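Visitor: One point on numbering: in numbering that gives the first Met the number 0, the residue at position 145 of the sequence shown is 144, and numbering is uninterrupted.
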Amino acid sequence: MSRTYLITGAASGIGRATATRLAAQGHTVIGADLVDADVVADLATPEGRAHLVARTGELSGGRLDAVIASAGLAGFEPRAVSVNYFGAVATLEGLRPLLAAGTDPRAVVVGSAASVHPHDTAITDAALAGDEDTALAAARAAADRGEGYAIYGSTKAAVARWIRRTAATADWAGAGIPLNAIAPGTVVTPMTAPMLAGPELRKVVDETVPMPLHGHARPEQIAPLLDWLTSPENELVTGQVVFIDGGADAVLRGDRTW
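(1) My assumption, with CB atoms under 8 Å, is that Asp119 sits in contact with Ala149. Please give the rounded CB distance.
(2) Which residue or residues does DSSP assign as beta-bridge partners of Val66?
(3) Tell me whether Ala87 is buried or exposed, calling it buried when 16 or more other Cβ atoms sit within 10 Å of its Cβ.
(4) Taking one C-beta from the region 165 to 180 and one from the region 215 to 225 each time, how about it: are there three or more such pairs within less than 8 Å?
(5) Just checking: is the beta-carbon of Ala149 within a distance shorter than 7 Å of some beta-carbon in chain B?
(6) Can you tell me whether DSSP reads Thr27 as helix, strand or coil?
(7) Report the start-end ranges of each alpha helix (DSSP H) in the region 123 to 151 that is 4 residues or longer and not cut off at the edges.
(8) Would Gly47 and Ala40 be called neighbours here (beta carbons separated by less than 7 Å)?
(9) Pick from Val82, Phe75, Ala134: whose alpha carbon is nearest that of Ser69?
(10) Hey, how far is the Cα of Glu295 from the Cα of Ala106?
(11) Compare the beta carbon distance of Thr229 and Ala65 with 7 Å and say whether it is the shorter of the two.
(12) Which residue wins for smallest C-alpha separation from Glu92, given the options Ala53, Thr207, Leu212?
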């Protein structure tokens with residue numbers, strides 16, 4: 000049965016690979032991104048988030064069967080706080096009414112294996128409190144003291160914690176909507192290309208996210224998991240951060256599961 004999906008970050012990387020896979024199966028995919036998308040919106044801004052919700056409502060006829068929040072920024076820039084956390088949460092919360100009107104609704108956000116790295120609690124705490132200005136100030140402070148590397152992982156840790164807090168609530172599980180995150184390791188995309196271009200940076204990436212099973216991933220290897228998590232077959236998995244990281248989490252955390 001054909002389903003209607005909204006995918007952010009659909010113009011490249013994991014979002015594009017997933018959109019291509021789902022469209023090939025006959026599903027309707029509404030893609031959102033900064034360019035080359037059905038919905039052109041900047042999720043770093045409140046205006047862009049509001050436009051995403053409004054325009055998706057128009058294009059979908061007021062109902063969605065699944066949402067995949069894949070848009071994200073890497074690197075050391077504070078703007079990642081606005082896209083990776085506040086943009087993702089606004090996408091999921093804003094489109095939840097459309098999911099409630101859909102059939103077998105499902106939602107997933109693309110997190111990261113970097114969520115298990117040491118992170119800046121000032122960023123994560125402010126994000127989870129819904130205080131974007133304070134979270135951005137904390138990110139700028141981290142960058143100023145030479146700890147900009149912590150920004151990305153902190154945004155993904157905050158997203159993972161939001162999923163855990165939110166998935167079992169009346170608005171999600173109570174409404175029959177599984178809500179999950181995935182945590183990829185290093186995926187070869189335009190976003191990660193600068194970090195993988197030279198041997199020195201590549202070595203740092205591989206030490207930070209060790210992937211003993213087959214090494215770096217391709218977006219097409221991540222898409223099947225997103226496909227299943229947002230399919231009607233997923234009836235019980237919710238509130239989970241599913242690692243698809245070539246073993247990075249197992250290396251970094253050993254036998255600690257929590």
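Backbone N, C-alpha and C define an ideal beta-carbon position, used for all residues, glycine too.
Please read all numbers here as calculations on a predicted model, not as lab measurements.
Guide: By the coordinates alone:
(1) Sure, about 5 Å apart at Cβ, within 8 Å.
(2) Beta-bridge partners assigned by DSSP to Val66: Leu5, Ala106.
(3) The residue in question, Ala87, is buried, as its Cβ has 16 or more Cβ neighbours within 10 Å.
(4) Taking one beta carbon from each stretch, the region 165 to 180 and the region 215 to 225 have fewer than 3 pairs nearer than 8 Å; the two do not touch.
(5) Note that chain B does not occur in the displayed structure, where there is just one protein chain.
(6) It is a strand residue.
(7) Counting only runs of 4 or more, we get 131 to 143.
(8) Their beta carbons are under 7 Å apart, which means Gly47 touches Ala40 by this criterion.
(9) Looking at the Cα atoms, Val82 is the closest of the given residues.
(10) Given a span of 0 to 257 for the chain in the structure shown, any question on residue 295 remains unanswerable.
(11) The Cβ-Cβ distance between Thr229 and Ala65 falls below 7 Å.
(12) Comparing Cα positions, the closest option is Ala53.
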